[in-house]
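Some notes on the structure that comes next.
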Amino acid sequence: RVWEDLPDNFGVDSHIGHPDETARALEGAAHVIHHPVYVARVTGIPMEPRAALATYDPEQDYYTLYAGGGGAWRHQTELALLCGVPEDRFRLVSGDVGGSYGTRNRVYPEFPLVLLAARLLDRSVKWTAERSETMVSDLQGRDLISDLSLALDENGKFLALRGINTSNTGSYPVSYATLSKGAGIATGPYYFPTGTLRLRAVLSNTPPTSPYRSAGRPECIFALERLIDKTARELGIDRIELRRRNFIRPDQLPHTNPQGMIYDSGEFEKCLDMALVAADYAGFEARKAEARTQGLCRGIGIAPYIETSSGAPLEWASMSIGTDGVEIWVGTQSTGQGHETSYAQVAADWLGVSFGDVAIRQGDTAIVKSGNGTHGGRSMRMAGTAIVLASEQIIEKGKALAARVLEAALEDIAFEAGQFTIEGTDRSLGWFELAEHAAEDELTAELENIMHEAVFPNGCHVCEVEVDPETGTTTIARYTAIDDVGRVINPLIVDGQIHGGIVQGAGQALMERCWFDPESGQPLCGSFMDYALPRADDMPSFSVTYNEVFSPQNPLGVKSGGESGTTPALAVIINAIVDALAELGVEDMEMPATPHRVWQAIQAAKS
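For what it's worth, the numbering used here labels the leading residue of the sequence shown as 52, then goes sequentially.
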């Protein structure tokens, strides 16, 4: 028992979906296939460990904290409350630190303690965690048991999905978002007439878990795609054909899944087709035969996926145009995603100015008035849309000012490519010429974008692996990704996001896990000596292509690209390993698929 008032250690035990309908569907199904999986615990390990620098002004009773995080305002609100001061006597500055992955998105106990120390000592106080500290005290991720049953008719059409998802939330609950977000897309990009999930959160004597890149979705896509592969094998249906029979078609969108999520757009079967062509699926058997001549087992895995980008439904932005450029303040927080570039591109395109004329400000509550930070793949959808709306407001103000300066009627002023022109004439003004005539704050806009509608990135990944049956060593030989992230604002940046996401998923599939002694609960991974991370030479070159289906939920048509690489990676890599070892009798593989674990599975199958 972790807490006295929770004798069974369960903090949550609830249902979503349609339990009664699902029970009837399973009872009447021609086939019911059952498959439990465990998605082990991992940790985010940002490049820079947690750190904080605090100052205190006793005359003003004013606190300042410099600390990396996923959103300056989100942290300030909590810390001001803890310090017992109004938010206007608190400033939080969050720089562009090396990575977050969800790990930085909460207020850690050291932050208020550093502030308290600065006040008591009347001097600036700095604290930096050592890596060994972060290994046992950073919020960790995953750690889910998913037990699914799939009902099908005699033609291989899905009838229902029933499951129990049990999340280990650690010693105290920080967030249940992982449990709920994963459950929302647990039926994947497939049509299910009905389904239900029981959701349980259990407390344990381990560090708390929290959303970690693509919170909950990689776990649920892994459970579903492993189940579909098992179903195809047991029923003797080609695994690609089984998926084709059950995809949600474009003409069925928007589609409400059994959990109540409304998929807005997508071309799920087209993504599969594109992936098979890009991966040269037709040539796989020849590559497998070649690998066999070298004593290697080669396998190919397929994982269609869908995920969701939602997060806090409100975001703030402010814009000002002066004689020397455009300044934009946003409430999201970059931790290496390249927001400064992508946001500037959006503003430059909408306003018709040069990219170099746009400056993005973030991460300082002294200049940013509001904001909900970066999490859940929300930044471009929320802040990008806010920038678009602010641009449209300021264009209308620009038209009014241009009419006054050019001595023309407002209705005669046209705006195009950064120029305000009297229609039918060659008289025009650009933004920065116009700004010379503007009163203070005349060319400004400030707004809060409220957007409750989620969007649904999706796609299909294909992975080929080679396994040495003598040593259990697995090599990723080829990796192909087809991703629908909506409109791609900056392909190079999105490529980087997809690549990084794939590597994080591959790390969990092949090597990463937070181990604990089962008797004492003692952490067994206290440094990089005990916790393996993927390196560049563990990965092949990735083939990434986009199937851009613009979302109708926002003016940019974006979905999200920050978590799309991770969501299918666990499933596609393990599917490939099981496919490679099927000829040896191996039917399943628990993560991480370390050489020892793979070798053990081979020996067990032989015996």
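Each residue gets a CB set at the ideal place from its N, CA and C atoms; glycine is no exception.
- A76 and E205 have their C-alpha atoms spaced approximately 13 Å apart.
- Between S360 and R432, the CB-CB gap stays under 8 Å.
- For D198, the secondary structure class from DSSP, reduced to helix, strand or coil, is strand.
- Between A81 and L203 the beta-carbon gap is near 6 Å, inside 8 Å, which marks them as a contact.
- With 16 or more neighbouring CB atoms inside 10 Å of its own CB, V629 falls in the buried class.
- If you check the CB distance, R92 and R564 come in under 8 Å.
- Exclusion of the five residues before and after P542 leaves Y597 as the residues of its chain whose Cβ lies within less than 8 Å of its Cβ.
- One alpha carbon belongs to S65, the other to G221, and they sit about 18 Å apart.
- Nearest Cα to L286 within the set L201, A652, T617 and P109: L201.
- By the neighbour-count criterion, in which 16 or more other beta carbons inside 10 Å mark a residue as buried, H86 falls on the buried side.
- DSSP places H126 within a helical segment (H, G or I) once states are collapsed to three.
- Assignment of alpha helix (DSSP H) within the segment 459-540, counting only whole runs of 4 or more residues, yields 482-486 in chain order.
- For V609 against G435, the beta-carbon gap comes to about 6 Å, under 8 Å, which counts as contact.
- Here the segment 518-529 makes no contact with the segment 363-378; the two share fewer than three CB pairs at distances below 8 Å.
- In this structure, L607 is the residue among A633, N423 and L607 with its C-alpha nearest to the C-alpha of S393.
- In the displayed model, N216 falls within a strand according to three-state DSSP.
- According to the DSSP assignment, T179 belongs to the beta strand (DSSP E) that extends over V176 to T179.
- In the three-state reduction of the DSSP assignment, G428 falls in the coil class, being assigned neither a helical nor a strand state.
- Taking the C-beta atoms as reference points, G246 is found nearer than 8 Å to G68.
- Judged by DSSP in its simplified three-state form, S611 adopts coil rather than helix or strand.
- In this structure, the CA atom of F141 is about 14 Å from the CA atom of G414.
- Each residue's CA atom was taken as its position, placing A252 and G403 some 50 Å apart.
- Between T524 and P643, the gap from beta carbon to beta carbon reaches 8 Å or more.
- For the pair K448 and E458, the Cα-to-Cα distance works out to about 15 Å.
- For M370, the beta-bridge partners assigned by DSSP are I379 and A496.
- Taking 8 Å as the cut-off, the Cβ atoms of P100 and A180 count as close.
- S369 and V381 have their C-alpha atoms spaced approximately 7 Å apart.
- When E391, E366 and E599 are compared, the shortest CA-CA separation from H503 is found for E366.
- Boundaries of the beta strand (DSSP E) around F593: F593 to Y597.
- With a threshold of 16 other beta carbon atoms within 10 Å, F209 meets it and is buried.
- Closest in alpha carbon position to I553, among R538, C576, A583 and S594, is S594.
- Around R296, the same chain offers G207 and K208 as residues with beta carbons nearer than 7 Å, after the five sequence neighbours per side are excluded.
- The alpha-carbon of G613 is positioned some 8 Å away from that of Q388.
- Residue pairing for I236: DSSP places it in no beta bridge.
- Three or more pairs of CB atoms, one per stretch, sit closer than 8 Å, so the segment 452-466 contacts the segment 483-492.
- The three-state reading of DSSP puts P646 in helix, counting H, G and I together.
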